[in-house]
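J.: Counting along the sequence shown from 1, when you hit position 9 you're at 8 in numbering that gives the first Met the number 0, and nothing is skipped either side. Backbone N, C-alpha and C fix where the C-beta goes; we use that ideal spot for every residue, glycine too. What you are looking at is a predicted structure, and each value in this text was computed from that prediction instead of being measured. Have a look at this one.
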Amino acid sequence: MARDSRQLSESAGPRAPRRKPRCKRLAYRWSSALALVAAISAALFLAIPSGSNREPVPGSHLDDPELALAVLAALSPPADGPDLKPKRIVEQLTDLGPAALPLEIAILCGEFTMPEFVPGTTDRAVHPLALEKRFELLQMVLRALPPKEVVAALRRYAETTTTLDVRLVLVRLLGELEASEALGAVLELATAIEPVHLQRPYVLSQLESALGRRIERATQVAGRLRSAFGKLDPTLWPVLARATARAGSPEAASFLVYVLGRDDELDVVAMRSLSELSERIGALLSESEIDDLRRLLGHADPRVQRTALIVLGRLRDRPSALLWIDALVSEDEFVRGAARNALRTLAACDLGADPVAWDAWLEREDAWWDVSAESLDEQLVSEDPGHTFDAVSTLLAHPAFAREAGIAFEELVLDPDPTIASAAIEALPRLGAPFALAGLVRALEREDELRDRALEALRSLVGFDLPAEPAAWRDAFGFPTE
């Protein structure tokens, strides 16, 4: 029987090389795997900068060398291997789940030095494109994982560091995450930064940029900002105020008015921020909030007075015009200049720096309105389109009454006569954003080409790239839903 087996083997062709006994093969594989894991484990520790007073790399991955190996292997494909596919690398890392986040965050923060060669080798170079795109790929992984898990991991990592640069990296990462918890996490990190560093422009820029992005995308942001403001150290108040303005959120103006009156320096920052926002979203301020701004015209700090004049001037707040005229004789030249600019914006003409001339102009305008208001109302609802067009033209010639004109034109944008509606839609942008927005949003309810013109005007006024849907714009501006 043995002879028959040997004959069959010989007839089948050349003999295959002798294989190692099974027990020896297993031993060889285990020893190779252990050597590779040991090498990776050593790399994990040796890669940490010397002199660090913290854990080498925070997180449970040190207890799981295989997970660490999977991260390093995915990020370090060989240069002599297949073509690099970044999407595949991101998928591999995402498949590892949140458990791999501590090591991935450490790499992003520069607290873990990647091996020079492909893991498990001493001579195979890493693909150069993988080196170049490593941080970009890891950021894509963070965006692909569940946002709450990522925010939690970043928070845990932040608890282990006292390094400013690392905290700023974490701030930037949180600023990019679409998670409601990210705003609170950025504020926590900001609180942990020593006040002396908050004087540095590059620190402020990164904090305000991250906060601005999160505020812009947050829901119910006004309440959250007020809650956060009450818990913040006063050194961070100006940071939050500037970040709110940078976000350009529809609720930003209301929050900036809310913080007024607590600190003189904060008043200056908040008012400067409001001066940047008032043209775009000033229409969202309530009458009580505008009253708060009017009171600042009597502020002891001329910087606050000046910015209050700028904001109220852009809002064309005629009820405070008498106070602007008083400011023309201020001892501060910048306050005088701001008062003159505010009056020039309201009147659409320049009568110089003479308070008497401006008093006379304001009296004439008020007298004209007292006489003309009733007849203008009749013309606007007249069945004769000519009378309506005359009323529109007359109102445009008196820019001091832009608020009243905006309310009147809002009623015309849905007029069944397209020529009347067209005149109103064309006139609204000339009133300025604070008085045009409500009417233009209402015009989006039309089902003809005038809707497109209203949409174009809205986008031009405020810079929001939203569809031609009234609900989307009402939500963006915080207008009541009809």
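If I follow the unbroken alpha helix (DSSP H) through residue 431, where does it start and stop?
T.: Working through the sequence shown from its first residue, we reach residue 431 at position 432. No alpha helix (DSSP H) holds residue 431; DSSP gives it neither H nor E.
J.: DSSP three-state label for residue 31, please.
T.: For the purposes of this step, residue 31 is taken as the residue at position 32 of the sequence shown. Reliability of the predicted coordinates at residue 31 is poor, the pLDDT of 43 falling under 50, and no value is obtained from them.
J.: Jot down the residue ranges of each uninterrupted beta strand (DSSP E) in the segment 71-138, minimum 3 residues, whole runs only, in chain order.
T.: Listed in chain order, nothing qualifies, since the segment 71-138 has no complete beta strand (DSSP E) run of 3 or more residues.
J.: Starting from the Cα of residue 174, find the closest Cα among 158, 142, 197, 196 and give me that residue.
T.: Residue numbering aside, residue 174 sits at position 175 when the sequence shown is read from its first letter. Comparing Cα positions, the closest option is 142.
J.: Please state if the CB of residue 136 and the CB of residue 156 are separated by a distance shorter than 8 Å.
T.: Counting from one through the sequence shown, the residue named residue 156 turns up at place 157. Counting from one through the sequence shown, the residue named residue 136 turns up at place 137. No, the Cβ-Cβ distance between residue 156 and residue 136 is not below 8 Å.
J.: Measuring alpha carbon to alpha carbon, tell me which residue in 397, 113, 264 is nearest residue 372.
T.: Position 373 of the sequence shown, counted from the first residue, corresponds to residue 372. Checked all of 397, 113, 264; the closest Cα to residue 372 is 397.
J.: Would you kindly work out how many angstroms separate the C-alpha atoms of residue 337 and residue 383, rounded to a whole number?
T.: In the sequence shown, counting from the first residue as 1, residue 337 sits at position 338. In the sequence shown, counting from the first residue as 1, residue 383 sits at position 384. Cα-Cα distance, rounded: 43 Å.
J.: Can you list, in chain order, the residues of its chain with a C-beta nearer than 7 Å to that of residue 319? Leave out the 5 residues immediately preceding and following it.
T.: Numbered from its first residue, the sequence shown carries residue 319 at position 320. Cβ neighbours of residue 319 beyond the five flanking positions: 293, 296, 311.
J.: With a threshold of 6 Å on Cβ separation, who are the neighbours of residue 341 within its own chain once the five nearest residues in sequence on each side are excluded?
T.: In the sequence shown, residue 341 corresponds to position 342, counting from 1. So the list reads 308, 312, 323, once near-sequence residues are dropped.
J.: Note down the Cα distance separating residue 390 from residue 138, rounded to an integer number of angstroms.
T.: In the sequence shown, counting from the first residue as 1, residue 390 sits at position 391. In the sequence shown, counting from the first residue as 1, residue 138 sits at position 139. Computed Cα separation, rounded: 58 Å.
J.: When we look at the beta-carbon of residue 103 and count the other beta-carbons within 10 Å, is it buried (16 or more) or exposed?
T.: Here residue 103 refers to the residue found at position 104 when the sequence shown is read from its first residue. Label assigned to residue 103: buried.
J.: So, under 8 Å CB-CB, residue 439 and residue 420 are touching, yes? Tell me the CB distance rounded to an integer number of Å.
T.: Counting from one through the sequence shown, the residue named residue 439 turns up at place 440. Counting from one through the sequence shown, the residue named residue 420 turns up at place 421. Their Cβ separation, rounded to whole angstroms, is 12 Å, which puts residue 439 and residue 420 out of contact at 8 Å.
J.: Please identify the residue among 355, 120, 430 whose C-alpha is closest to the C-alpha of residue 347.
T.: By one-based count along the sequence shown, residue 347 stands at place 348. It is 430 whose Cα lies nearest to the Cα of residue 347.
J.: Grab the span of the alpha helix (DSSP H) containing residue 464 for me, first residue to last.
T.: In the sequence shown, residue 464 corresponds to position 465, counting from 1. That residue, residue 464, is in no alpha helix (DSSP H); it is neither H nor E in DSSP.
J.: With a threshold of 16 other CB atoms inside 10 Å of the CB of residue 316, please say whether the residue is buried or exposed.
T.: On the sequence shown, residue 316 is found 317 positions in, with the first residue counted as 1. By the neighbour-count rule (16 or more Cβ atoms within 10 Å), residue 316 is buried.
J.: Here's a check: name, in chain order, each residue in its chain whose Cβ is nearer than 7 Å to the Cβ of residue 117, leaving out the five neighbours to either side.
T.: The sequence position of residue 117 within the sequence shown is 118, counting from 1. So the list reads 75, 77, 123, 125, once near-sequence residues are dropped.
J.: Quick check: residue 269 and residue 246, are their CB atoms within less than 8 Å of each other?
T.: Residue 269 sits at position 270 when you count from the first residue of the sequence shown. Residue 246 sits at position 247 when you count from the first residue of the sequence shown. Contact flag unset, no.
J.: Going by beta-carbon coordinates alone, are residue 217 and residue 206 separated by less than 8 Å?
T.: Here residue 217 refers to the residue found at position 218 when the sequence shown is read from its first residue. Here residue 206 refers to the residue found at position 207 when the sequence shown is read from its first residue. For residue 217 and residue 206, no; Cβs fall outside 8 Å.
J.: Would you mind reading off the limits of the alpha helix (DSSP H) that contains residue 333?
T.: Position 334 of the sequence shown, counted from the first residue, corresponds to residue 333. Where residue 333 is concerned, the enclosing alpha helix (DSSP H) stretches over 332-346.
J.: Return helix, strand or coil for residue 298, following the three-state DSSP convention.
T.: Working through the sequence shown from its first residue, we reach residue 298 at position 299. Note: residue 298 maps to coil in three-state DSSP.
J.: Please return the same chain residues whose Cβ sits closer than 7 Å to the Cβ of residue 358, not counting the five positions on each side in sequence.
T.: Residue 358 sits at position 359 when you count from the first residue of the sequence shown. Only 324 meet the Cβ criterion.
J.: Span of the alpha helix (DSSP H) holding residue 324?
T.: The residue given as residue 324 occupies position 325 in the sequence shown. Segment 320-326, the alpha helix (DSSP H) holding residue 324.
J.: Shortest alpha-carbon distance to residue 67 belongs to which of 87, 98, 89, 88?
T.: In the sequence shown, the residue the question calls residue 67 occupies position 68. Of the candidates 87, 98, 89, 88, the one whose C-alpha sits nearest the C-alpha of residue 67 is 98.
J.: Determine the burial state of residue 443: buried for a count of at least 16 other Cβ atoms within 10 Å of its Cβ, exposed for fewer.
T.: Translated into positions along the sequence shown, residue 443 becomes position 444. By the neighbour-count rule (16 or more Cβ atoms within 10 Å), residue 443 is buried.
J.: Mapping the DSSP letters down to three states, classify residue 473 as helix, strand or coil.
T.: Taking the first residue of the sequence shown as 1, we reach residue 473 at position 474. Looking at residue 473 - three-state DSSP - the assignment turns out to be helix.
J.: Give the straight-line distance between the Cα atoms of residue 129 and residue 112, rounded to the nearest whole angstrom.
T.: Translated into positions along the sequence shown, residue 129 becomes position 130. Translated into positions along the sequence shown, residue 112 becomes position 113. Spanning the two alpha carbons is a distance of roughly 14 Å.
J.: Can you name the start and end residues of the alpha helix (DSSP H) that residue 254 belongs to?
T.: Locating residue 254 in the sequence shown gives position 255, counting from the first residue. Run containing residue 254: 251-257, per the alpha helix (DSSP H) assignment.
J.: Would a C-beta distance cut-off of 8 Å place residue 92 and residue 150 closer than the cut-off?
T.: Along the sequence shown, one-based indexing puts residue 92 at 93. Along the sequence shown, one-based indexing puts residue 150 at 151. For residue 92 and residue 150, no; Cβs fall outside 8 Å.
J.: If you run the structure through DSSP and keep just helix, strand and coil, what is residue 316?
T.: The residue given as residue 316 occupies position 317 in the sequence shown. Coil.
J.: Identify whether residue 413 lies in helix, strand or coil by the three-state DSSP scheme.
T.: Working through the sequence shown from its first residue, we reach residue 413 at position 414. DSSP places residue 413 in coil when its eight states are reduced to three.
J.: What whole-angstrom Cβ distance do residue 464 and residue 458 have, given they're in contact under 8 Å?
T.: Position 465 of the sequence shown, counted from the start, is the residue given in the question as residue 464. Position 459 of the sequence shown, counted from the start, is the residue given in the question as residue 458. Contact holds; Cβ gap of about 6 Å.
J.: Considering only their Cβ atoms, is the gap separating residue 213 from residue 258 smaller than 8 Å?
T.: As a first step, residue 258 is located in the sequence shown; it is residue number 259 there, counting from the start. As a first step, residue 213 is located in the sequence shown; it is residue number 214 there, counting from the start. Contact: no.
J.: Report yes if the CB atom of residue 146 is closer than 8 Å to the CB atom of residue 177, and no otherwise.
T.: For this step, residue 146 is matched to residue 147 along the sequence shown. For this step, residue 177 is matched to residue 178 along the sequence shown. Against a cut-off of 8 Å, the Cβ pair of residue 177 and residue 146 comes out as a contact.
J.: Kindly give me the distance between the Cβ atoms of residue 288 and residue 334, rounded to whole angstroms, as I take these residues to be in contact under 8 Å.
T.: By 1-based counting over the sequence shown, the position of residue 288 is 289. By 1-based counting over the sequence shown, the position of residue 334 is 335. Actually they are not in contact, since the Cβ atoms of residue 288 and residue 334 sit about 22 Å apart, beyond 8 Å.
J.: Among the candidates 69, 121, 127, whose CA atom is the shortest distance from the CA of residue 100?
T.: Position 101 of the sequence shown, counted from the start, is the residue given in the question as residue 100. It is 69 whose Cα lies nearest to the Cα of residue 100.
J.: Excluding the 5 residues preceding and the 5 following residue 191 in the sequence, name in chain order all residues of the same chain whose CB lies nearer than 8 Å to its CB.
T.: Along the sequence shown, read from residue 1 onward, the residue named residue 191 stands at position 192. If we look at residue 191 and ignore the five residues flanking it on each side, its Cβ neighbours are 157, 166.
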